[in-house]
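Asks:
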Amino acid sequence: MEGKLKLEDLSVDEFMLSGFDSGEEDDCEDEESTQQKGKMKKPAPQKMSVGKQGKASEHKDQLSALKRKDPEFYEFLQQNDQKLLNFEDSDSLEDEEEDEEERMYHKLPSQLEEADDDDDNDAGESVKKDVKKPKEATKVTEAMIENWRTGLRKEPTAKLIRDITQAFKAAVATTKGDSEELCRYTISDSAVFNSLILFCIKDMHAALNKMLKLKAPEKGQKKLILPSSSARWQKNQIDIKMYIAGVVQLLSSLTQSTVVAAVLRHANQMVPYYLCLPKQCRHFLKSLIKHWSTGEETVRVLAFLALNKICRNKQEIYLNSVLKQMYIAYVKNCKFTSPNTLPMINFMQRTLAEMYSLDTQVSYQHAFIYIRQLAIHLRNAMNLKKKETYQSVYNWQYVHCLYLWCRVLSTIYPSEVLEPLIYPLCQVIIGCIKLVPISRYYPLRLHCVRAIILLSANTKTYVPALPFLLEILQREDFNKKPGRMSIKPINFAVILKLSKTNLQEKAYKDGLVEQLYDLILENFHTQACSVGFPELALPTVVQLKVFLKECKVANYCKQMRQLLEKIQENSSYITGRRQKAAFGVADVTAVAAWEKQVAEEGTSLTKYYSQWKKLREKEIQLEISGKERMEDLNLPEIKRKKAEEKKADKKEFKGLFESDSDDDDDDDLFKSKGKHAIYLFPIFVIVSDGDQKKPSSSKGKAPKKMLSTELKEVAEGDEDMVEDLELSDQD
Numbered sequence: 010m011e012g013k014l015k016l017e018d019l020s021v022d023e024f025m026l027s028g029f030d031s032g033e034e035d036d037c038e039d040e041e042s043t044q045q046k047g048k049m050k051k052p053a054p055q056k057m058s059v060g061k062q063g064k065a066s067e068h069k070d071q072l073s074a075l076k077r078k079d080p081e082f083y084e085f086l087q088q089n090d091q092k093l094l095n096f097e098d099s100d101s102l103e104d105e106e107e108d109e110e111e112r113m114y115h116k117l118p119s120q121l122e123e124a125d126d127d128d129d130n131d132a133g134e135s136v137k138k139d140v141k142k143p144k145e146a147t148k149v150t151e152a153m154i155e156n157w158r159t160g161l162r163k164e165p166t167a168k169l170i171r172d173i174t175q176a177f178k179a180a181v182a183t184t185k186g187d188s189e190e191l192c193r194y195t196i197s198d199s200a201v202f203n204s205l206i207l208f209c210i211k212d213m214h215a216a217l218n219k220m221l222k223l224k225a226p227e228k229g230q231k232k233l234i235l236p237s238s239s240a241r242w243q244k245n246q247i248d249i250k251m252y253i254a255g256v257v258q259l260l261s262s263l264t265q266s267t268v269v270a271a272v273l274r275h276a277n278q279m280v281p282y283y284l285c286l287p288k289q290c291r292h293f294l295k296s297l298i299k300h301w302s303t304g305e306e307t308v309r310v311l312a313f314l315a316l317n318k319i320c321r322n323k324q325e326i327y328l329n330s331v332l333k334q335m336y337i338a339y340v341k342n343c344k345f346t347s348p349n350t351l352p353m354i355n356f357m358q359r360t361l362a363e364m365y366s367l368d369t370q371v372s373y374q375h376a377f378i379y380i381r382q383l384a385i386h387l388r389n390a391m392n393l394k395k396k397e398t399y400q401s402v403y404n405w406q407y408v409h410c411l412y413l414w415c416r417v418l419s420t421i422y423p424s425e426v427l428e429p430l431i432y433p434l435c436q437v438i439i440g441c442i443k444l445v446p447i448s449r450y451y452p453l454r455l456h457c458v459r460a461i462i463l464l465s466a467n468t469k470t471y472v473p474a475l476p477f478l479l480e481i482l483q484r485e486d487f488n489k490k491p492g493r494m495s496i497k498p499i500n501f502a503v504i505l506k507l508s509k510t511n512l513q514e515k516a517y518k519d520g521l522v523e524q525l526y527d528l529i530l531e532n533f534h535t536q537a538c539s540v541g542f543p544e545l546a547l548p549t550v551v552q553l554k555v556f557l558k559e560c561k562v563a564n565y566c567k568q569m570r571q572l573l574e575k576i577q578e579n580s581s582y583i584t585g586r587r588q589k590a591a592f593g594v595a596d597v598t599a600v601a602a603w604e605k606q607v608a609e610e611g612t613s614l615t616k617y618y619s620q621w622k623k624l625r626e627k628e629i630q631l632e633i634s635g636k637e638r639m640e641d642l643n644l645p646e647i648k649r650k651k652a653e654e655k656k657a658d659k660k661e662f663k664g665l666f667e668s669d670s671d672d673d674d675d676d677d678l679f680k681s682k683g684k685h686a687i688y689l690f691p692i693f694v695i696v697s698d699g700d701q702k703k704p705s706s707s708k709g710k711a712p713k714k715m716l717s718t719e720l721k722e723v724a725e726g727d728e729d730m731v732e733d734l735e736l737s738d739q740d
């Protein structure tokens with residue numbers, strides 16, 4: 010009944026708005042909500058029917074009242090918001106919806122309007138604050154720099170340091186091209202820029218130390234005196250922070266190596282200040298690592314010194330991240346190896362190994378992760394056996410990483426922490442050698458063997474490297490005549506893979522024998538003082554004797570015979586010393602003492618190796634510097650022209666340089682009068698077909714068969730010349 014009475018009380022419009030709810034629903038909450046909706050929406054129909062026109066007129070009345078009460082504000086609205094005053098008196102529902110959308114979403118004006126002088130005082134003051142221009146920057150001159158220099162040397166004050174720092178900031182901004190950056194000073198002259206930078210590099214470090222009253226470090230004192238220990242540090246911290254941040258920005262923008270080196274020397278002095286400011290120190294380390302991996306030689310050395318200095322004093326904060334970034338930079342910059350880049354890669358290897366030696370615990374974590382990563386790449390290549398997986402192992406980055414970790418373990422030895430990594434690293438290197446054991450990858454094999462020898466020599470761990478070298482002697486046929494003659498030798502230090510044409514060249518076998526000689530000698534030098542040297546050398550002695558019996562090339566036999574003699578001489582010396590010893594092999598202490606004594610006295614092999622090493626290093630330096638062995642010979646080159654080109658040359662130059670005499674002796678010399686005319690030039694021989702007259706005199710004539718045999722040897726590898734020579738033999 011209550012529901013019915015309520016429905017009876019509703020008007021038609023209220024009933025339509027309240028919805029078609031049945032009166033049978035007994036939920037009290039629904040009834041209350043319907044009553045509230047009815048009360049809220051009761052005036053709505055009146056607005057829909059009558060209120061549209063009244064609303065517009067009411068708004069106009071409000072504006073006219075505003076004009077009477079506050080004429081100044083009404084005038085402001087007329088100037089700034091005409092749309093508010095000149096609205097359309099529309100009764101349509103669409104216009105009302107558009108007005109609602111305009112209220113919901115803010116729209117930017119098409120043009121920005123400037124405030125007039127007729128605005129009210131408050132608006133005028135706010136506009137003045139926004140439009141207020143900064144003061145004009147002071148131009149730095151040579152006289153100002155000279156005054157600053159004089160002031161710094163007399164008594165550096167905080168105000169003077171601030172002025173110099175602001176000027177230095179302006180100078181750095183010019184290198185970055187930030188003309189919009191607000192600075193108190195401007196620098197427009199390059200001479201002033203150079204003077205300011207030079208002044209800061211020379212005088213700022215001493216001036217800051219003097220201002221902060223820092224004591225000079227005593228002789229032999231390794232620990233740095235940090236500027237944060239000064240009582241004046243807090244007062245001048247902002248200016249110092251700005252200055253050292255500017256030094257980092259300057260380093261990143263400079264390109265000339267001499268200037269970068271000068272700034273790095275200054276930055277090296279400022280390391281204590283960077284240690285007090287962690288954010289600036291991180292930026293500085295990032296810049297140093299970039300210069301260490303990509304700069305010139307002097308720049309790299311200075312960057313490394315600064316890196317080492319920071320990491321020694323703040324190991325717990327910076328060492329872990331610095332080692333990671335340096336390793337990544339090393340891998341990125343050893344992707345391509347050439348005679349020019351090889352010294353830089355070796356420098357990075359040695360310096361990075363020095364950094365890893367600062368903390369063996371941190372180094373073990375890095376070495377374990379990265380050696381495991383190398384092993385995973387190798388395992389994938391062995392399992393999948395695809396070209397892509399082989400290339401992930403057989404590349405310069407992989408080989409240089411293997412060599413790096415061999416050098417790290419060799420540098421830090423003896424270390425109980427890193428010693429367990431020697432075995433897995435050797436296994437990875439041996440697996441790399443065995444992955445694709447073909448002759449085209451002999452250079453890569455030689456690089457891996459060299460890494461094993463380095464690791465074995467410095468860690469006093471015997472790693473069998475000789476089988477991989479003797480295998481080359483067994484597989485390669487050194488008696489086979491090369492298919493091509495090559496003047497330029499193959500530099501095995503900067504290649505990993507040989508081409509098919511390289512395998513046919515004589516330079517390939519010459520270089521291979523030379524590399525085998527070097528590595529076998531170097532390997533035996535590491536074991537020359539060992540008590541078991543005769544037993545270690547026995548397989549190699551047998552293999553070398555077999556090689557000398559089979560090989561017919563005199564040059565190769567000469568080198569290997571010399572190597573065999575040195576090994577046998579050292580074996581007999583060690584055998585003679587062992588016979589005089591009064592201890593057993595099981596006495597490890599006595600064996601170690603005996604080997605130490607032999608090493609101090611030296612053996613014939615160690616003495617020979619030291620002399621050979623000096624000569625070999627000179628040869629390697631010449632190869633790395635790009636000076637090839639046969640560079641000074643200036644051998645002539647013969648370029649064969651096609652028949653069409655020869656005819657064109659004859660037509661083009663016909664009539665030039667004609668002889669006055671009728672008889673041209675030069676033409677007679679080069680006319681082919683015999684069937685096979687042979688023109689002998691220095692070193693090279695050209696054979697052409699023609700009619701040959703037999704000379705009347707036999708004086709100075711070589712036998713025909715002998716002459717053709719000699720020409721064959723000279724023209725070895727040239728198919729056209731060999732064919733011509735075969736024709737001459739038949740005739």
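In short: position in the sequence shown from 1, add 9, done, that's our numbering.
We treat Cβ as the ideally placed atom computed from N, Cα and C, and that holds for glycine.
1. Using C-beta distances below 7 Å, list every residue in its chain close to Q358, excluding the 5 sequence neighbours before and after it, in chain order.
2. Determine which residues share a DSSP beta bridge with T147 and list them.
3. Using 8 Å for Cβ pairs, my map puts L482 next to H534. What's the rounded Cβ distance?
4. Under the DSSP definition of a beta bridge, which residues are partnered with E514?
5. What are the start and end residues of the alpha helix (DSSP H) that includes Y252?
6. How big is the Cα-Cα spacing for D248 and V310?
7. Give a yes or no on whether the C-beta atoms belonging to Y618 and L553 are separated by under 8 Å.
8. Could you work out which residue in F313, P429, A546, Y451 is closest to N511 when comparing CA atoms only?
9. Pull up the distance between the alpha-carbon of I170 and that of Q334, whole angstroms please.
10. I'd like the list of long-range same chain contacts for S266, defined as Cβ closer than 6 Å, with 5 residues on each side in sequence excluded.
11. Between the C-alpha atoms of G492 and I504, what's the straight-line distance to the nearest angstrom?
12. Exposed or buried, M220, counting other C-beta atoms within 10 Å across all chains shown (16 or more means buried)?
13. Are the stretch 315 to 324 and the stretch 381 to 393 touching by the rule of at least three beta carbon pairs closer than 8 Å?
14. So that I know if they touch, is there some Cβ in chain B lying closer than 8 Å to that of I583?
15. With distances taken Cα to Cα, identify the nearest neighbour of L463 among I431, M494, K443.
16. What does the Cβ neighbour count give for G255, buried or exposed, with the cut at 16 atoms within 10 Å?
17. State buried or exposed for N89, treating a residue as buried only when at least 16 other CB atoms are found within 10 Å of its CB.
18. To the nearest angstrom, report how far apart K250 and S366 are at their CA atoms.
19. Looking only at its chain, what residues have a beta carbon closer than 8 Å to the beta carbon of I234, apart from the 5 residues adjacent to it on each side?
20. With 16 other CB atoms within 10 Å as the buried threshold, where does F177 fall?
21. Please name the residue in K295, W242, F356, L507 whose C-alpha comes closest to that of P446.
22. Could you pull the start and end residues of the alpha helix (DSSP H) that M364 belongs to?
23. Can you confirm whether the stretch 553 to 565 touches the stretch 590 to 606 when touching is taken to mean that 3 or more C-beta pairs between the two stretches lie within less than 8 Å?
24. Would you identify the three-state DSSP class for S204, choosing helix, strand or coil?
25. Taking the alpha carbon of I173 as the point to measure from, which residue in S238, A182, Y252 has its own alpha carbon closest?
26. For Q524, which residues from the same chain have a beta carbon less than 6 Å from its beta carbon, with the 5 sequence-adjacent residues on both sides left out?
27. With a threshold of 16 other CB atoms inside 10 Å of the CB of F8, please say whether the residue is buried or exposed.
28. Can you tell which of S199, M153, I210 has the C-alpha that lies nearest to the C-alpha of M279?
29. Need the endpoints of the alpha helix (DSSP H) that F177 sits in, please.
30. Any idea if Y407 is buried or exposed, counting beta-carbon neighbours within 10 angstroms, 16 or more meaning buried?
31. For K148, count neighbouring C-beta atoms within 10 Å of its own C-beta (all shown protein chains included) and say buried if the count is 16 or more, exposed if not.
32. Rounded to a whole number of angstroms, what is the C-alpha to C-alpha distance between K515 and I629?
33. Closer than 7 Å by C-beta to S347: which residues in its own chain qualify, once you throw out the five before and the five after it? Chain order, please.
34. Who are the near neighbours of E719 in its chain, counting only those whose CB is closer than 6 Å to its CB and skipping five residues on each side?
35. Closest by CA to K622, which one among G585, L528, L573, Q536?
Replies: Well, looking at it:
1. Counted from its first residue, the sequence shown places residue 358 at position 349. Correct list, in chain order: Y412, L413, R416.
2. Stepping through the sequence shown from its first residue, residue 147 is reached at position 138. T147 is bridged to Y194.
3. Residue 482 sits at position 473 when you count from the first residue of the sequence shown. Residue 534 sits at position 525 when you count from the first residue of the sequence shown. The pair is not a contact, with the Cβ atoms about 19 Å apart (cut-off 8 Å).
4. As a first step, residue 514 must be located in the sequence shown, where it is residue number 505. Answer is R493, bridged to E514.
5. Residue mapping note: residue 252 aligns to position 243 of the sequence shown, counting from 1. Here the alpha helix (DSSP H) through Y252 covers 242 to 262.
6. Working through the sequence shown from its first residue, we reach residue 248 at position 239. Working through the sequence shown from its first residue, we reach residue 310 at position 301. Rounded to whole angstroms, D248 to V310 spans 29 Å at the Cα level.
7. In the sequence shown, the residue the question calls residue 618 occupies position 609. In the sequence shown, the residue the question calls residue 553 occupies position 544. With contacts defined by Cβ atoms closer than 8 Å, Y618 and L553 do not form a contacting pair.
8. As a position in the sequence shown, residue 511 is number 502, starting the count at 1. N511 has its Cα closest to that of Y451, out of F313, P429, A546, Y451.
9. Translated into positions along the sequence shown, residue 170 becomes position 161. Translated into positions along the sequence shown, residue 334 becomes position 325. The alpha-carbon atoms of I170 and Q334 are separated by roughly 34 Å.
10. Position 257 of the sequence shown holds residue 266. E305, V308.
11. Sequence index remark: in the sequence shown, residue 492 carries index 483 (1-based). Sequence index remark: in the sequence shown, residue 504 carries index 495 (1-based). Distance between the alpha carbons of G492 and I504: 21 Å.
12. Taking the sequence shown and counting its residues from 1, one reaches residue 220 at position 211. The residue in question, M220, is buried, as its Cβ has 16 or more Cβ neighbours within 10 Å.
13. By the Cβ rule, the stretch 315 to 324 does not count as touching the stretch 381 to 393, because fewer than three pairs are nearer than 8 Å.
14. The structure shown contains no chain B; it is built from a single protein chain.
15. Stepping through the sequence shown from its first residue, residue 463 is reached at position 454. Out of I431, M494, K443, I431 has the C-alpha closest to the C-alpha of L463.
16. Here residue 255 is taken as the residue at index 246 of the sequence shown, counted from 1. G255 comes out buried.
17. Taking the first residue of the sequence shown as 1, we reach residue 89 at position 80. By the Cβ-count criterion, N89 is exposed, with fewer than 16 other Cβ atoms from all chains shown falling within 10 Å of its own Cβ.
18. As a working mapping, residue 250 is identified with position 241 in the sequence shown. As a working mapping, residue 366 is identified with position 357 in the sequence shown. Rounded to the nearest angstrom, the two C-alpha atoms are 31 Å apart.
19. Residue mapping note: residue 234 aligns to position 225 of the sequence shown, counting from 1. For I234, same chain residues with a beta-carbon under 8 Å away, outside a window of 5 residues either side, are L223, K224, P226, P281 in chain order.
20. Residue numbering aside, residue 177 sits at position 168 when the sequence shown is read from its first letter. Here F177 is buried: its Cβ has 16 or more other Cβ atoms, across all protein chains shown, within 10 Å.
21. For this step, residue 446 is matched to residue 437 along the sequence shown. Checked all of K295, W242, F356, L507; the closest Cα to P446 is L507.
22. Within the sequence shown, the letter at position 355 stands for residue 364. 351 to 365 is the extent of the alpha helix (DSSP H) around M364.
23. Contact between the stretch 590 to 606 and the stretch 553 to 565 is absent: fewer than three C-beta pairs spanning the two stretches fall below 8 Å.
24. Residue numbering aside, residue 204 sits at position 195 when the sequence shown is read from its first letter. Helix, per DSSP.
25. Indexing the sequence shown from 1 puts residue 173 at position 164. The closest CA to that of I173, considering only S238, A182, Y252, is found on Y252.
26. Position 515 of the sequence shown, counting from 1, holds the residue named residue 524. Excluding residues within five positions, the ones whose Cβ falls inside 6 Å are L455, F501.
27. The requested residue 8 does not occur in the structure, where the chain is confined to residues 10 to 740.
28. Indexing the sequence shown from 1 puts residue 279 at position 270. Of the candidates S199, M153, I210, the one whose C-alpha sits nearest the C-alpha of M279 is I210.
29. For the purposes of this step, residue 177 is taken as the residue at position 168 of the sequence shown. Per DSSP, the unbroken alpha helix (DSSP H) holding F177 starts and ends at 167 to 185.
30. What you label residue 407 is simply residue 398 of the sequence shown in a count that begins at 1. Y407 is classed as buried because its beta carbon has at least 16 other beta carbons within 10 Å across all chains shown.
31. Mapped onto the sequence shown, residue 148 falls at position 139. Counting other Cβ atoms within 10 Å of its Cβ, K148 stays below 16 and is therefore classed as exposed.
32. Reading the sequence shown from its first residue, position 506 is the one you call residue 515. Reading the sequence shown from its first residue, position 620 is the one you call residue 629. Near 20 Å, if we compare the C-alpha coordinates of I629 and K515.
33. Within the sequence shown, the letter at position 338 stands for residue 347. For S347, where only same-chain residues beyond five positions count, the Cβ hits under 7 Å are V503.
34. The sequence position of residue 719 within the sequence shown is 710, counting from 1. Note that E719 has pLDDT 41, beneath the 50 cutoff, so the model's placement of it is unreliable and no number is given.
35. Taking the sequence shown and counting its residues from 1, one reaches residue 622 at position 613. For the residues G585, L528, L573, Q536, the minimum Cα distance to K622 belongs to L528.
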